[in-house]
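So in this note's numbering, the last spot in the sequence shown is 1118, and the numbers never skip. We put the beta carbon where it would ideally sit given N, CA and C, even for glycine.
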Amino acid sequence: MLFLNPWLLIGLAGVLVPIILHMMRRQSAKPLDWGAMRFLFDTVAMRRRRMEWEDMLLMAARCLLIALLALALARPFVPPDSTVPWIFVLPLALLGVGALGASFVLGKVSSRWLVRGIAMLLLFAGVALVLFERQLNLARFQNTGSRDIALVIDASSSMEIPGPAGKKSFDRAIEEAITLVKEAPRGSAFSVILGGPAPDAVTGAPLTHRADVIKVLEELLPVGGPFRAHDALGVSLLNLEKGYHRAKEIVVFTDSQRLGWRLDSPSAWTNFGDAVKGLPSPPKLMVRSFPPPEALRNVAISGIELSRDVVGTDREATIRITVENTGTEAVTPEPLEVTVGEQVLESAAIGQLAPGQEETIEIRHLFKESGPTVVKAVLDAGDDLPLDDVRERVVTVKRRLPILLVDGNPSGGFFERAAGFTALALAPSPELVEGNQASDNYLMEPMVLPAPEITTLKDLERHKVVVLADVARLPRAVADRVAAYVANGGGLLILAGPRIDEVFYNSWDGPGGAVSPVTLGSLRTDTEGIQPAPSTFDHETLVLFKDERKSDLGKASLSGFRAVTERRDGGSIAASYSNGEPFLAGRNYGKGRVLLATSGFDVRTGNLTTRQSFVPLVHELVTWLAGAGGVELNIDANWQPALALPGGGGLKGTYFRAMDESRGIAIERVDPTIQFDWKDQQPYKGMNRDRFQILWEGHLVPPVSGNYRFRMEVDDKATLKIDGRTVMRMVSQGQRESGEVKLEAGTPVPISLTYQEEYSYAVMKLFWQIPGGEMKIIPSQALLPLTGNREKEIVARGTAVDPRGQERKVNVSVGRRGRLLELEGAAIPGLYEVNIPDQLGEELEELEGSKVPLVVRRDVRESRLLPLGEDDKALIRKSIDLVEARNVTDLLAILSGKGFGKELWKFLAVAAFFLLLLEVALARWISKSRRSAEDVKVEFEEKSGPDPEILERMKGVRKAE
């Protein structure tokens, strides 16, 4: 406990006034000898103890009254994070004052000095604790003069909730930040960090010119999304390091939501604490909180989901929209409005939602056009946070879903072919199996390939899903190719029928490790047949088949299946048979997905193919597998939102118009592989047919360690350099191999290839032979188009319009994270319209068209307003000195070296008022009590006259005479 006006504590000397008056009254009393006093001695002796207690209470009350008034004028306050509880210090001091005053009433000398000693000890303890608290706070809040101050402004969605007088929390934060800048002590420099999904250092370093800082603050706008406070604090430390002052401070204006502080990761705060200690003077973290109102009306659209990962134009899909009441009051919103593209769907009534209640509205809809389509839900709830009453989702409606079925038993009859029934389940008619085309709106596009012909397949990557139907084994080169295809986002369904070689599948490895989710055993038979057990179905593809009343999948009988000896890391059992053996297993593999059925889908192993559930089962499996690949047009909010694009590996090619580089560059692009045969044509429009040159640059990433060999097929000249050393040089057409080059797995090394064409045909192909492998074209996965020490290379540019209608720059880059389409600036949640570079639109189905919608998702947790708890603050205090300010006045007090905290004068003033009433009542009661005790009637005899009996006798004598 400290005091804002410590000099007014001199008023505590007023406590001596009633003591002095009492002493003066005692001394002014003079003893008088009066013989009649002997009649009162007995009465006074009996009442002496009672009168002493009454005087003690009255004296203590009068002293405490004066002490309370003096303390209230001194304005005591409790500093933040006080180490000494005021509820202990204040009563200690008041007890000492009361005991001191009461001691002067006592008549017995020994008792008087004993009480005075106790009183002095209590007063000394109280003063010592106050001085101890003051010393601690002097070190904590001392005025260090010039300092760098980082202003962190929470720009999340919840900061737009109206506060007192209807003003939004974000606007109040800006106003207080401007006041802080204007009134802060001289010599202060300020940096501004705008907090949102990712922090934005608006000022590169602390600024000393206050007008510039105020202008920056006035131009800030809320970003939306969650406030990543921990990241913002990290950026503020980096910003403060650029300042010139030794003293540093961080001021955060926020609503103190728990989301974004990374409180579930103590190690993150430990690292932050280490960074704080690295500054010349560890800063304080001052938090000015704008909590939401206690009575909050808010309904949020928390999600839009579809019943299938892959949606086509051939059948309806279910749109599931979740609405949640995140406020404290019941709300009855207007009906939910949903639009799909330009089509407005029928409104859906919701009804009243209680606090914490969640409702899901399901709408069946048939998408009529392929391509990216925006599903938008709007709710008119009239609540305090309208931003979360709107939600969008981009659905990529597929025109076609190419599926490759590799038949491991192509020579059998139709009903015994391993892929026959699966192809029929995917095809709209039997004619498709023979090669006819599907109707325009049919999604599935199956192609059956006999297993022996798989080595001739050239367009594996065109297919979204590969089905290996009872394929015994794959050639090594094909197996590596399929594994890489799945790791890059493809889907793989393995039907483990009677012909497969379990040794091959158990040893099949690729970039993502073991391909199979389980280790397969031998083929087992059951003459009575076993059935899939719906009670064991534990996968999203099997949701439709769990209810046995609506599905006959559990009635299928299988006579043969593959045993499973163990589940591999990353694999999971999705369903089992009635005897407990696994029926379906799956795993994520790189960017793709793998499913394995332990039985074939044909008549050789049972009657599964005759069940009504078979066709929807195959569709569910295939669509789930196909859902892993492609471009996801719904992304989370962060700084510079980015789409992960397939591919991206290769070398950066600079195509010069002619042999003379001064003629200019025709194009710069990324070539996935170097395997060109232009014959006698131009490599690109605007270039010569002859007499041109091309420079390819980038990095080579070896998959394994060892000695590599390279080969070039050239017409006319080429030079290959690896890690700055010339490996090969060819000055005439033909082929040539290099010597051995030792490379380390995963370590990128610079590579450059210079090609020159003189005349006639033009050919340039680059091969390598990895240790223990064959000579083949260097794949794109082993090439990065990065030059120099760059982390990424921009290969295309475009523009986008954000939810506010402002234009943003778009960059397509390639780096160690792969190929990305990045939007510059903060990720404002909502719908964007992106102008796609032509190269991407031609390459990726999801990005077809000149403009593509992109949605930055809103985080519904931002609407739930879960505040920081005391345990959370304790974790933060372990890394940095956390100070909670109630207003901007407190912040200025800290920066000026003054104390601040919760003031107690009101409590003391109220206590003094009631004590005054108590003192008056006590004084009147004592006075009345003493008057009533003294109201005793005493009759005195008159001894100066004659005795009445003698007078009577004398009267009798006279009469007798």
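- The region 449 to 460 makes no contact with the region 417 to 427, as fewer than three CB pairs between them are under 8 Å.
- Relative to the Cα of residue 789, the nearest Cα in the group 385, 466, 315, 985 belongs to 466.
- Between residue 1005 and residue 827, the C-beta gap is not smaller than 9 Å, which leaves the two residues out of contact.
- Between residue 1041 and residue 446 the beta-carbon gap is near 7 Å, inside 8 Å, which marks them as a contact.
- Its Cα nearest to that of residue 234, the residue 247 stands out among 772, 226, 247.
- For residue 729, the three-state secondary structure derived from DSSP is strand.
- By the Cβ test, the region 716 to 734 is in contact with the region 662 to 679, since at least three Cβ pairs between them sit closer than 8 Å.
- By the criterion of a C-beta distance shorter than 7 Å, residue 816 is surrounded in its chain by 848, 849, 850, 913, once the five residues flanking it on both sides are discounted.
- Per the C-alpha coordinates, the member of 610, 498, 618, 492 positioned closest to residue 508 is 492.
- With a minimum length of 3 residues, the unbroken runs of beta strand (DSSP E) contained wholly in the region 529 to 580 fall at 547 to 555, 558 to 564.
- Residue pairing by DSSP places residue 739 opposite 733 in a beta bridge.
- Taking C-beta atoms as the reference points, residue 922 and residue 832 count as a pair closer than 9 Å.
- Under the DSSP assignment, residue 368 falls in the alpha helix (DSSP H) whose first and last residues are 367 to 375.
- Assigned with DSSP and collapsed to three states, residue 993 falls in coil, not helix or strand.
- Between residue 768 and residue 836, the C-beta spacing is not below 9 Å.
- Pairing residue 251 with residue 221 gives a Cβ-Cβ distance under 9 Å.
- Under the three-state reduction of DSSP, residue 847 is assigned to coil, being neither helix nor strand.
- Annotated three-state conformation of residue 328 is helix, per DSSP.
- The Cβ atoms of residue 673 and residue 633 do not sit closer than 9 Å to each other.
- In this structure, DSSP gives residue 396 a helical state, which the three-state scheme calls helix.
- Separation of the CB atoms of residue 734 and residue 689 is rounded to 6 Å, and the pair is thereby assigned contact status at 8 Å.
- The DSSP-derived three-state label of residue 468 is strand.
- Boundaries of the beta strand (DSSP E) around residue 522: 515 to 522.
- Apart from the 5 residues on each side of it in sequence, residue 870 sits with its Cβ closer than 7 Å to the Cβ of 892, 920, 922 in its chain, given in chain order.
- In the three-state reduction of the DSSP assignment, residue 864 falls in the strand class.
- The beta carbons of residue 400 and residue 363 sit about 4 Å from each other, so the pair counts as a contact at 8 Å.
- Residue environment: residue 162 is assigned as exposed (fewer than 16 neighbouring CB atoms within 10 Å of its CB, all protein chains considered).
- Where residue 780 is concerned, the enclosing alpha helix (DSSP H) starts and stops at 771 to 783.
- Bridge pairing for residue 707: absent [DSSP].
- The beta-carbon separation of residue 232 and residue 1062, rounded to 5 Å, stays under the 8 Å limit for a contact.
- A Cβ-Cβ separation of about 3 Å places residue 303 in contact with residue 344 under the 8 Å criterion.
- Cα atoms of residue 514 and residue 1072: separation of roughly 51 Å, rounded to the nearest angstrom.
- The Cβ atoms of residue 654 and residue 683 lie no closer than 9 Å to each other.
- Beta-bridge annotation (DSSP): residue 347 is paired with 306, 364.
- Within a 10 Å sphere around the beta-carbon of residue 699 sit 16 or more other beta-carbons, which makes this residue buried.
- Judged by DSSP in its simplified three-state form, residue 409 adopts strand.
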